[in-house]
Amino acid sequence: MSLLSKMTRFKAACWLALLLPAITVSAHGHVDEIIINGVSYQGYGSTDFPYMENPPVVAGWTISQRDNGFVSPEAYGDPDIICHRDATPAEGHIEVTAGDVITLRWSGWPENHIGPVLNYLANCKGPCERVDKTELEFFKIDGLGQLKQGTPGREHCIRELRSSTRDHCSAQCS
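Just so we're aligned: the sequence shown equals residues -29 to -1, 1 to 145 in mature numbering (1 follows the signal peptide of the UniProt record, and there is no 0).
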């Protein structure tokens, strides 16, 4: 089944904004902002939300870790690989339909992270706020691998961060 068919099939479904800390696991960064068709949604602030008495409701999963650390390769089959260590479902969600333009604004790219930039979504198949992360079926919506011989995709993000007044890297797909 093509990605467009999957998206059309789930058109009315609630989409998990896995444009969230799941990405923290592999990228050692996090999604600060999610933009759907020009409408901005705040991501989970892993470095400040844990310190707030009443953090805002966002589509990013809650994590108890206050860092952008990684999940060890030995833990590949562990549920912690999904949305970071001890992640729990977000209190909010974002609905996405076929043809929507999704932009992810990443933050926290370390110099020593050499690897691809990958973005995935999953259908909640019900209330996103109560989904079991081990039951999700993820599909890739975007990826930035090696741009040219010896230049991994994350180099693009590092350059974008340095050459801009923004403190994030954007990935866009439609």
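The C-beta atom is built at its ideal place from N, Cα and C for all residues, glycine as well. This one's a predicted model, so the numbers in the text were calculated from it and none came from an experiment.
- A Cβ-Cβ contact shorter than 8 Å links W77 with V2.
- The closest CA to that of I52, considering only N8, Y22, I34 and Y12, is found on I34.
- With a cutoff of 8 Å on beta-carbon distance, N90 and L75 are scored as near each other.
- Of the residues I73, K104 and R56, the one whose Cα lies closest to the Cα of N8 is I73.
- The alpha carbon of I65 has as its nearest neighbour, out of Q36, D113 and P98, the alpha carbon of P98.
- Listed in chain order, the beta strand (DSSP E) elements of length 3 or more contained wholly in the stretch 3 to 81 are 10 to 13 and 73 to 78.
- Within the DSSP bridge table, the entry for D113 names N90 as partners.
- The C-alpha of G14 is placed about 21 Å away from the C-alpha of T105.
- In this structure, the alpha-carbon of P27 lies about 23 Å from that of A93.
- Rounded to whole angstroms, the Cβ separation of P50 and V102 is 12 Å, and the two are not in contact under 8 Å.
- Contact annotation, Q36 with D57: C-beta distance approximately 7 Å; criterion of less than 8 Å satisfied.
- By the 16-neighbour rule on beta-carbons within 10 angstroms, S17 is buried.
- Here A30 is buried, its C-beta having at least 16 other C-beta atoms within 10 Å.
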